[in-house]
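First up is the structure itself, then whatever we jot down about it.
Number of protein chains: 2
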Amino acid sequence: MSALPFHPGQRAEIRRTVTEADLVAFAGLSGDLNPLHTDAVYAARTRFRQRIAHGALLAGWISAVLGTRLPGPGGILMSFRLRFLRPTCVGDTVTAWAEVAAVRADKPVVTLRVGCDNQRGETVVEGEAVCYWEPVQEG
Amino acid sequence: MSALPFHPGQRAEIRRTVTEADLVAFAGLSGDLNPLHTDAVYAARTRFRQRIAHGALLAGWISAVLGTRLPGPGGILMSFRLRFLRPTCVGDTVTAWAEVAAVRADKPVVTLRVGCDNQRGETVVEGEAVCYWEPVQEG
Chain E
532 MSALPFHPGQ RAEIRRTVTE ADLVAFAGLS GDLNPLHTDA VYAARTRFRQ RIAHGALLAG
592 WISAVLGTRL PGPGGILMSF RLRFLRPTCV GDTVTAWAEV AAVRADKPVV TLRVGCDNQR
652 GETVVEGEAV CYWEPVQEG
Chain L
532 MSALPFHPGQ RAEIRRTVTE ADLVAFAGLS GDLNPLHTDA VYAARTRFRQ RIAHGALLAG
592 WISAVLGTRL PGPGGILMSF RLRFLRPTCV GDTVTAWAEV AAVRADKPVV TLRVGCDNQR
652 GETVVEGEAV CYWEPVQEG
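Chains as they are written, first to last, in my numbering: chain E, 532 to 670; chain L, 532 to 670.
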């Protein structure tokens, strides 16, 4: 039996509406100025017809679930595996989620299924994260 | 023979010094307020002894290589697989890189080895990205 306070099936999520400001801020912070994300004229000519959110920005929202909810503070990301299935556009409302898939008995390591769904219930990203769990005792 | 203008071994990179501003901005944008990234007092009690950069922020810098250099504009991220091997701290200078591993002959799809190295030559992140390549003809 694992001493970790997690069990398979345990789930957490955060939800947010994707704004133009998110794409602009992430483009500046990352340096990813791919016109698919930043140039509406270019993007109109692509299969997506409009600017789409950066995949790594969606990874950031999944990271927020992992770092603040499940496993939460004390979680350290060891690996990330993500597949991008559908575009996410400005105005979409994304639910980033994580669900415990396995808890190691021998080490403080949790494997989680992770993903993002949109407001139509479509999965836009899915994958897996492995986190080390090492919370610090305060005070 | 593939019609894509890429060949295995082709490589691109970007380099940047990690600043406190990067961690703060990414915490706000992603919502990942894990104290490991934002609280110096908490972080001092961890194995890392100081705040470390978010893994998804490093993914963003790799995304910048993919979206602006190789395959560059027109590249669409299909999947990402990353392992986080060492911490990255404020003041580190990170080289994010991508190297073509395989080019599909039947579809415009490129597989790249990706990663980040630090100023000591240590690999801090490594993994793989698969990109669809669909540049738009301008003008």
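Glycine included, C-beta positions come from ideal geometry on N, C-alpha and C. This structure is a prediction, so every number in the text was calculated from the model and none was measured.
- Three or more beta-carbon pairs separated by less than 8 Å are not found between the region 564-584 of chain E and the region 599-614 of chain E, which leaves the two stretches without contact.
- Sequence-distant Cβ neighbours of PRO539(L) in its own chain, meaning closer than 8 Å and more than five residues away, are VAL631, ALA632, ALA633, VAL634.
- Segment contact: the region 537-555 of chain E against the region 565-573 of chain L, fewer than three CB-CB distances shorter than 8 Å; contact not assigned.
- Within the region 533-578 of chain E, the complete beta strand (DSSP E) segments of 3 residues or longer fall at 542-548, listed in chain order.
- Under the Cβ criterion (8 Å, minimum of three pairs), the region 613-627 of chain L does not count as touching the region 643-659 of chain E.
- ILE593(E): member of the alpha helix (DSSP H) spanning 586-599, first to last residue.
- Nearest C-alpha to ALA584(L) among VAL641(L), ALA636(L), ALA629(L), SER561(L): SER561(L).
- Excluding residues up to 5 positions away in sequence, PRO604, GLY605 lie with their Cβ nearer than 7 Å to the Cβ of PRO666(L) in the same chain.
- Each residue's CA atom was taken as its position, placing ARG542(L) and LEU601(L) some 7 Å apart.
- Around the beta carbon of THR599(E), 16 or more other beta carbons sit within 10 angstroms, so the residue counts as buried.
- Partner residues in the beta bridge of ALA660(E), as assigned by DSSP, are PHE611(E), LEU643(E).
- With a threshold of 8 Å between beta carbons, ASN649(E) makes no contact with chain L.
- Interface with chain E (8 Å Cβ-Cβ cutoff): HIS585(L) is included.
- For the region 624-649 of chain L, the set of residues with a beta-carbon nearer than 8 Å to any beta-carbon of chain E is empty.
- The straight-line gap separating the alpha-carbon atoms of GLY559(E) and VAL621(L) is approximately 18 Å.
- Bridge partners of ASP648(E) according to DSSP: THR626(E), THR654(E).
- Between ALA627(E) and ALA590(L), the CB-CB gap reaches or exceeds 8 Å.
- When DSSP reads this structure, GLY606(L) sits in a beta bridge with TRP664(L).
- For GLU551(L), the closest of THR619(L), PRO536(L), TRP592(L) by C-alpha to C-alpha distance is THR619(L).
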